[in-house]
Structure formats: C-alpha cells, structure tokens
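Residue numbers (my numbering): 63 to 455.
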C-alpha cells in the first residue's frame with residue numbers, strides 16, 4: 063500500500079489544507095494557505111501528517127507561534143496520530159506575491175471610520191520635505207470650498223503640523239456631546255466650509271516638539287479617522303508626512319478607498335524620491351489621481367518666467383507613474399506671504415491662484431470628481447426612511 067495515501071479513517075489533503083486556512087500569519091494578517099506558505103502536505107498510513115511551511119525569512123520570530131497553531135489545528139483532525147513540520151523559506155518572487163496578497167486583503171478589510179463612504183479621500187503626498195505639500199493641500203482645500211463644497215482637511219503630518227497657521231485658524235479641538243466624538247474646527251470660505259483637524263489644535267503652542275515614535279503616530283491618525291465627527295464632506299484632503307513610513311502605511315490600511323495626489327518640484331532629486339511614494343500607494347492598491355508640480359518657475363512682476371529649479375520634473379514623474387500632470391504651481395512670492403498670513407493664495411489673484419483653480423477644476427470635473435450618490439439605492443432608501451419619520455412625527 064502506498065504510504066502517502068490516507069487510510070479511510072484519516073484526513074485528506076483537502077481536510078488538512080482546510081484547517082491550515084485558520085492559521086493566520088500574525089504579521090501579514092492572512093492565512094498561510096492563501097499566502098502560499100503551506101507548501102506541501104503528506105498524509106501517511108499510520109496517521110502521521112507531514113506539513114512543509116515556507117516562511118518569509120528563515121529567522122522569522124513568529125515561527126514558534128505558527129508552529130503551535132499548525133500543530134494544534136492539524137492534530138484535532140480525526141485519524142491524525144502525529145504532526146511533523148518541515149521548514150523552508152519563500153523565494154523572493156514568492157515573498158513578493160505573498161506581500162501583495164496580504165496588502166490586497168488588508169485593503170478589503172479596513173476598519174470602520176467616521177469618514178462617510180460618499181466622501182472622496184485624497185492623500186496629498188510627497189517623497190521628501192520642502193516641496194510645499196502642505197501649501198498645496200491648503201490651497202486645494204480653499205479653492206474647493208470657494209466653489210461651495212464642504213472639504214475636510216486632516217493634518218496627518220503629526221511632527222511637522224502647519225495647517226492651522228496656513229489657514230489662519232487657532233483654537234482647541236473639543237468634543238461633540240451629541241455623538242461623543244471630537245468636533246473638527248470649521249472655517250467658512252465663500253459658500254463652502256473647510257473642516258480641520260490637526261495636532262496644532264492639541265498642543266499648548268506651535269513650537270511644541272512632538273517626539274513620538276511610529277506606534278504613537280499611527281494611533282494619533284487612527285483617532286483622526288475614528289473619533290472625529292467629520293459629518294458629510296465632498297472631499298477629505300489629507301496632508302501626509304513626507305516619505306513612506308508608518309503613518310503612510312497605516313492610513314493606507316485604514317482608508318483603502320483613498321486616492322493619492324503626488325507633489326514634486328521640477329528638480330530631478332525630488333522627482334526620483336516622489337516615485338517611491340507613488341509606488342507605495344500602488345502597492346497598497348491606492349489609485350494615483352495625478353501629479354502636482356510645485357515651484358515650477360518664478361514669475362516676475364513683468365510676467366516673465368524663470369526656471370530657477372530646472373524644468374520637467376512634474377512631466378517626468380507623471381510619465382513614470384502613469385498618471386496625469388494635474389498642473390504646475392509657479393514660484394510666486396504671494397504663496398509664502400499668504401500662508402504666513404493665514405489666507406491661502408488660491409483665494410486671491412495672480413499666477414499661483416490661477417494655477418490652483420485650474421488644478422481644482424481638473425480634479426473635480428475629470429481626475430477625481432466627487433461621489434455622486436443621487437441615484438444610489440442606499441441614498442434613496444435613506445431618503446424614504448427620513449420621509450416616513452417626518453410623516454409619523
């Protein structure tokens with residue numbers, strides 16, 4: 063008799079793989095069968111089950127936990143007399159596939175947040191500091207609100223918060239007794255409004271240094287997502303910290319519906335670093351809405367343009383990541399002055415203001431239009447329920 067075949071009283075290979083689907087890799091959050099880590103199963107006539115597990119790395123610190131879980135689950139199957147484990151290591155290609163599968167599953171199992179499903183979420187990101195990402199965030203938000211929209215701004219640059227100053231807003235975040243949540247600070251702009259949440263509203267003064275590690279930073283932005291009564295918004299713009307660290311990955315997991323606007327400057331160095339941010343977003347299944355080139359050229363009072371930082375960075379980045387160039391913001395002295403004064407330049411006149419309004423026009427009409435729920439069955443059901451409530455009141 064072939065010893066690799068199970069007896070009639072023993073489990074089948076499908077039975078063993080079935081219980082192994084209950085073994086979750088604690089780091090990747092997905093079962094070891096789907097990740098391709100359960101490499102082989104052999105069932106012997108004497109009831110011994112041999113299982114080969116391939117780890118992401120041979121020195122994986124979670125090996126003991128996976129081993130205990132595999133043994134416990136397989137041993138519980140009828141007809142199993144013993145469990146023997148062999149260990150291998152995933153190849154680089156297999157590891158990349160496993161990581162991609164884990165990220166995909168995370169993107170489809172996001173936690174509940176207070177951000178409505180009807181809100182278009184745009185992460186404004188950059189590969190490095192100093193490219194004007196916060197200025198772009200604030201001016202896009204102001205220009206959108208000036209069109210009559212309700213815009214949220216989440217200042218996720220916890221260490222380098224600057225949104226309150228650029229919007230000219232002071233105050234402290236307080237609670238909303240009605241819903242037991244934090245109430246964002248609201249800034250009326252034209253016929254619209256900007257709702258703002260920032261660490262700047264939680265510290266005693268603007269010069270306070272936050273010396274927090276990644277876990278605490280992640281917890282802070284998690285509070286911004288889960289514990290703020292955002293209410294209905296057309297867009298939520300998130301001013302991301304520069305780079306591809308803990309906050310970026312944490313937000314990508316919490317907000318898989320988010321899309322990304324990448325900010326760069328004309329310089330080659332900024333463009334090459336910004337590619338990493340786009341790759342991080344795509345690796346987490348975030349759509350890249352487009353690229354904004356900031357500080358593209360200095361516009362002199364006579365209207366002449368001077369490319370002080372070179373040319374072509376925005377076009378090159380857009381071509382490399384396969385996303386449109388949404389627009390270029392000139393190096394206009396009014397931008398910095400407006401930011402220091404707390405009145406976004408997009409609300410005034412001049413080359414930079416015109417450029418911001420053009421970018422917003424492209425975003426809201428073409429690149430990432432607001433969610434239209436007018437004909438959605440969920441919206442119609444809500445309207446019907448409200449009508450019934452009003453009739454019975």
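Idealized CB from N, CA, C, for every residue including glycine.
How would you write the range of the alpha helix (DSSP H) that residue 195 sits in, first residue to last?
Start and end: 195 to 208.
Helix, strand or coil: how does DSSP classify residue 112 here?
Here residue 112 sits in strand by DSSP.
Please go through the same chain and pick out, in chain order, the residues whose beta-carbon is closer than 8 Å to the beta-carbon of residue 405, but skip the five residues on each side of it.
Around residue 405, the same chain offers 230 as residues with beta carbons nearer than 8 Å, after the five sequence neighbours per side are excluded.
State the Cα-Cα distance for the pair residue 52 and residue 163, rounded to the nearest angstrom.
Residue numbering for the chain in the displayed model covers 63 to 455; residue 52 lies beyond these limits and cannot be assessed.
Check this for me: beta carbons of residue 283 and residue 256, under 8 Å apart or not?
The answer is no: Cβ separation not under 8 Å.
Could you tell me the alpha carbon to alpha carbon distance between residue 432 and residue 416, rounded to whole angstroms?
The C-alpha of residue 416 is placed about 21 Å away from the C-alpha of residue 432.
Can you tell which of 292, 186, 218, 105 has the C-alpha that lies nearest to the C-alpha of residue 242?
For the residues 292, 186, 218, 105, the minimum Cα distance to residue 242 belongs to 292.
Endpoints, the alpha helix (DSSP H) within which residue 134 is located
Per DSSP, residue 134 is one residue of the alpha helix (DSSP H) stretching across 125 to 137.
So residue 150 is in the beta strand (DSSP E); what residue range does that whole segment cover?
Unbroken beta strand (DSSP E) run through residue 150: 144 to 151.
To which residues of the same chain is residue 156 closer than 8 Å at the C-beta, ignoring the five residues directly before and after it?
Within the same chain, residue 156 has close Cβ partners 98, 116.
Use the C-beta contact count for residue 370: other C-beta atoms within 10 angstroms, 16 or more gives buried, fewer gives exposed.
Burial check for residue 370: the Cβ neighbour count within 10 Å stays below 16, so the residue is exposed.
Per-residue DSSP class, three states only, for residue 185
Note: residue 185 maps to strand in three-state DSSP.
Expressed to the nearest angstrom, what Euclidean distance is found between the alpha-carbon atoms of residue 185 and residue 141?
For residue 185 and residue 141, the distance between alpha carbons rounds to 53 Å.
Report the option in 248, 130, 189, 232 whose CA atom is closest to the CA atom of residue 262.
For the residues 248, 130, 189, 232, the minimum Cα distance to residue 262 belongs to 232.
Would residue 199 be called buried (16 or more neighbouring beta carbons within 10 Å of its own) or exposed?
Under the 10 Å beta carbon count, residue 199 is surrounded by 16 or more other beta carbons and is classified as buried.
Suppose contacts are defined by Cβ-Cβ distances below 8 Å. Is residue 413 in contact with residue 392 by that definition?
Closer than 8 Å, so yes.
Is the beta carbon of residue 328 closer than 8 Å to that of residue 395?
Not a contact, by the Cβ cut-off of 8 Å.
Name, in chain order, the residues that DSSP records as bridge partners for residue 456.
Given that the chain is displayed from residue 63 to residue 455, the structure contains no residue 456 and the question cannot be resolved.
Go to residue 315, then tell me how far its alpha helix (DSSP H) extends in each direction, as first and last residue.
308 to 316 is the extent of the alpha helix (DSSP H) around residue 315.
Sort 139, 429, 95 by Cα distance to residue 152 and report the nearest one.
Of 139, 429, 95, the residue nearest in Cα terms is 95.
Exposed unless 16 or more other CB atoms sit within 10 angstroms - verdict on residue 201:
Buried: at least 16 other Cβ atoms inside 10 Å.
Residue 190, DSSP secondary structure in three states
Reduced to three states, the DSSP call for residue 190 is coil.
Contact check, residue 189 vs residue 304 under 8 Å by CB: the rounded distance?
7 Å between Cβ atoms; contact.
By a C-beta neighbour count over all protein chains shown, 10 Å radius and 16 as the cutoff for buried, is residue 281 buried or exposed?
Exposed is the call here.
Which residues bound the beta strand (DSSP E) around residue 102?
Taken as a continuous stretch (DSSP letters only), the beta strand (DSSP E) holding residue 102 covers 100 to 105.
Beta-carbon spacing of residue 351, residue 323 below 8 Å:
Their beta carbons are under 8 Å apart, which means residue 351 touches residue 323 by this criterion.
Kindly list the residues whose CB is nearer than 7 Å to the CB of residue 272, restricted to its own chain and excluding five residues on each side of it in sequence; keep chain order.
Confidence in residue 272 is poor, its pLDDT being 49 and thus under 50, which makes the residue's placement unreliable; the coordinate value appears in the next sentence. Beyond the five residues adjoining it in sequence on each side, residue 272 comes within less than 7 Å, by CB distance, of 220, 221, 261 in the same chain, given in chain order.
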